[in-house]
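>
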Amino acid sequence: MTAPVDKADRPRCPVDIDLIDPDTFADGLPLEKFAAMRESAPVFWHDQEGAAGDGFWVVTRHADVQEVSRTPEVFSSYERGALLHTGPAEDEEQALEMTRMLMLNMDPPEHSDYRNIVQRAFTPRTIRNLEPRLEEFANEIVDRSLAKGTGDFVKDIAAELPLLAICELVGVPAEDRGIIFDLSNRLIGFDDPEFRNSPEDAQIASAEMYMYADGIAAARRECPMDDVASRLLAAEVDGTALSQDQFDVFFLLLMVAGNETTRNAISHGMQAFFEHPDQWELFKKERPLDTAVEEIIRWATPVMQFQRTAQSDYVLAGQSINKGDRVAIYYSAANRDETALTDPDTFDITRETNEHIAFGGGGPHFCLGANLARAEIRIMFNVIADRMPDIKATGDPRMLRSMFINGIKEIPVKYA
Ligand code: HEM
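Just so we're aligned: the sequence shown equals residues -8 to 407 in the working numbering.
1) Which one of MET394, LYS405, ALA407 and ILE399 has the shortest CA to CA distance from THR15?
2) Assuming PRO79 and GLN262 make a contact with CB atoms under 8 Å, what is their CB distance in whole Å?
3) So, using beta-carbon positions, are HIS267 and ILE399 closer together than 8 Å?
4) Identify the continuous beta strand (DSSP E) that holds PHE47 and give its terminal residues.
5) Please state whether DSSP places GLN39 in a helix, a strand or coil.
6) Return the CA-CA distance between GLY415 and GLU286, expressed in angstroms with no decimal places.
7) Whole angstroms is fine: what's the gap from ASP0's alpha carbon to ASP334's?
8) Out of GLU83, TRP36, LEU280 and VAL65, which has the shortest C-alpha to C-alpha gap to ALA42?
9) Please state if the CB of GLU122 and the CB of ILE370 are separated by a distance shorter than 8 Å.
10) Secondary structure at GLY142, three-state DSSP: helix, strand or coil?
11) What's the C-alpha gap between SER197 and GLU191?
12) Going by other Cβ atoms of all chains shown within 10 Å of its Cβ, with 16 needed for buried, is SER175 buried or exposed?
13) Need the endpoints of the beta strand (DSSP E) that VAL306 sits in, please.
14) Tell me the residue span of the beta strand (DSSP E) that contains PRO403.
15) Which of the three DSSP states is assigned to ARG299 in this structure?
16) Alpha carbon to alpha carbon, how far is ALA208 from PHE265?
17) Taking HIS102 as the reference, give the member of PHE25, PRO153, MET28 and PHE241 with the closest Cα.
18) Would you say the region 121 to 141 touches the region 211 to 228, given that touching needs at least three Cβ pairs under 8 Å?
19) With a threshold of 7 Å on Cβ separation, who are the neighbours of HIS37 within its own chain once the five nearest residues in sequence on each side are excluded?
20) Any heavy atom of the ligand HEM within a distance shorter than 7 Å of the CB on HIS356?
21) Where PRO63 and CYS214 are concerned, what is the direct C-alpha to C-alpha distance, given to the nearest angstrom?
22) Is TYR69 near the ligand HEM, going by C-beta to nearest heavy atom under 7 Å?
23) Taking all protein chains shown into account, decide if GLN310 is buried (16 or more other Cβ within 10 angstroms of its Cβ) or exposed.
24) Count the other CB atoms, across all protein chains shown, that sit within 10 Å of the CB of ASP143; report buried if there are 16 or more and exposed otherwise.
25) Check ALA54 in the structure and name its three-state DSSP category.
26) When every heavy atom of the ligand HEM is checked, does at least one fall within less than 7 Å of the C-beta of VAL294?
27) Taking only the alpha-carbon atoms, compute the straight-line gap between GLU88 and GLU70 and give it to the nearest angstrom.
28) Quick one, which of ILE148, GLN237 and VAL(-4) has its alpha-carbon nearest MET97's?
29) Quickly, what does DSSP pair THR231 with across the bridge? List them, please.
30) What does DSSP give as the partner residues of PHE66 in its beta bridges?
31) Hey, how far is the Cα of ARG392 from the Cα of VAL247?
32) Can you find the residues in the same chain that come closer than 8 Å, C-beta to C-beta, to PHE338, ignoring five residues on each side of it along the sequence?
33) Within the same chain, show all residues whose beta-carbon is closer than 6 Å to that of VAL284, passing over the 5 residues directly before and after it, in chain order.
34) Could you tell me the alpha carbon to alpha carbon distance between GLU251 and MET295, rounded to whole angstroms?
35) Buried or exposed: MET216, going by 16 or more other Cβ atoms within 10 Å of its Cβ?
36) Tell me whether GLN110 is buried or exposed, calling it buried when 16 or more other Cβ atoms sit within 10 Å of its Cβ.
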């Protein structure tokens, strides 16, 4: 084992880039720079003045992202949370107590206790049973869009099915989905002025989401149903029911995690079809549904990265990482790694072997909603291909300004 290295001796990024600055991603992923990182500094130190440890390691290769994800005993989600923070260490410290109630920010074995509460609502069988309902929703979404003739694909189509699906599963009335849409935009789009009313707005939005969750909890306590909200209220961890705060953060996680991600996969998928019309023709004609869905998810990689914190000294790809160091794992860079995927810069909906890690690199936090997301994407594109095969872009997409979510805000389209 090599000795831990001083900060001054740590390898730096081979290209000029600030991965914390949302402007870096304002025009899309910096794919050429990611390629240079994978090639010459696959594990490098990124300075972040004033933040915990004044910086973090950046991991860009597929195998290394998997290794970090699958070694939770070293790489903790609990220690400093799983979200890479943009602000100073003190702010982060304050937020930690609340965020640690999210299972996303827990380590085993505590993590498994919480995940088990909701796991059963997301099994392949449960999702298969939900599919007829998802098909109905998808057809209604297409009816409404066709009636409009033109519009914004993101808002009219991509955002709708994920919202309806997660509201249905959790137990939120469909007519309240506009409230959830607005709140999750403000929570996730906090770096984008279009979604943020003030710098503190993400916090206000989470408080509003908690208030909304309180209302759902009260209704379900009175009248339990067969939904995730009722399941959360009935659950016990170590013989104790979840507190109201614990219920609220669980609710928030499910609402946010199930929305933005799938919405962006659908938006990026449609945009990729617009840019690769041969693939759209192929999709419409042959419907290679399973391979197309995986390729859309890989191409989109809606979550760019998550963070871990080393619990002990560790050597990753020959690089010494010190105990206490933060490590950011870049799914968006790893999903273009040519050592793991053939021709990764080609959008190929018939790709047979596609070991993308858009849902995480494996390990305990692997996306809970992967089965649901796959079903939504498959059903949505199938219905679009059946009912609006000549859909056309009428302008360029507008990208979300974010260092976390690879998002599209708007794609102007003609539906018919
Ligand atoms: C294409 C769509 C989606 C993508 C790309 C995505 C991506 C991810 C990623 C990268 C993680 C972290 C994995 C890790 O740390 O190893 C994650 C976790 C999670 N996802 Fe998804 N997700 C998607 C859809 C969904 C949906 C529809 C839900 C529904 C509720 C969902 C719920 C969650 C939850 C609850 C976690 C935390 C799991 C845990 O900590 O154990 N996701 N997702």
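C-beta: ideal position from N, C-alpha, C; glycine also.
Well, looking at it:
1) THR15 has its Cα closest to that of MET394, out of MET394, LYS405, ALA407 and ILE399.
2) That belief does not hold up - the Cβ atoms of PRO79 and GLN262 are roughly 36 Å apart, past 8 Å.
3) Cβ distance not < 8 Å, so HIS267 and ILE399 don't count as in contact.
4) It spans 46 to 50 - the beta strand (DSSP E) in which PHE47 sits, taken as one unbroken run.
5) Coil.
6) The shown model of the chain, from -8 to 407, leaves out residue 415, and the question about it has no answer.
7) ASP0 and ASP334: Cα-Cα distance of roughly 34 Å.
8) The shortest Cα separation from ALA42 among GLU83, TRP36, LEU280 and VAL65 belongs to GLU83.
9) With respect to the 8 Å criterion, ILE370 and GLU122 are classified as neighbours on the basis of their beta carbons.
10) Looking at GLY142 - three-state DSSP - the assignment turns out to be strand.
11) So the two alpha carbons sit approximately 10 Å from each other.
12) Around the beta carbon of SER175, 16 or more other beta carbons lie within 10 angstroms, which makes this residue buried.
13) Bounds of the beta strand (DSSP E) holding VAL306 are 305 to 307.
14) It spans 403 to 405 - the beta strand (DSSP E) in which PRO403 sits, taken as one unbroken run.
15) Correct three-state label for ARG299: strand.
16) The alpha-carbon of ALA208 is positioned some 43 Å away from that of PHE265.
17) Considering only alpha carbons, the answer is PHE241.
18) No, the region 121 to 141 is not in contact with the region 211 to 228.
19) Cβ neighbours of HIS37 beyond the five flanking positions: CYS4, LEU10, GLY46, PHE47 and VAL49.
20) Correct: HIS356 has its Cβ closer than 7 Å to the ligand HEM.
21) PRO63 and CYS214: Cα-Cα distance of roughly 39 Å.
22) Flag unset: Cβ of TYR69 not near the ligand HEM.
23) When all chains shown are included, GLN310 counts as buried.
24) Counting C-beta atoms within 10 angstroms of its own C-beta, ASP143 has 16 or more neighbours from the protein chains shown and is therefore classed as buried.
25) Three-state result, ALA54: helix.
26) Remark: the C-beta of VAL294 is in contact range of the ligand HEM, defined as less than 7 Å to any heavy atom.
27) GLU70 has its alpha-carbon roughly 11 Å from the corresponding atom of GLU88.
28) Closest by alpha carbon: GLN237.
29) Looking at the DSSP output, THR231 sits in a beta bridge with VAL228.
30) Beta-bridge partners assigned by DSSP to PHE66: ALA301.
31) Between ARG392 and VAL247, the C-alpha separation is close to 17 Å.
32) Taken in chain order, the residues that qualify are ALA263, GLU266, HIS267, GLN270, GLU286 and TRP290.
33) Residues ARG365, ILE368 and ARG369 of the same chain have their beta carbon placed closer than 6 Å to that of VAL284, with the five preceding and five following residues left out of the count.
34) Roughly 12 Å separates the two Cα atoms.
35) The residue is exposed, with fewer than 16 neighbouring Cβ atoms inside 10 Å.
36) Per the 10 Å Cβ criterion, exposed.
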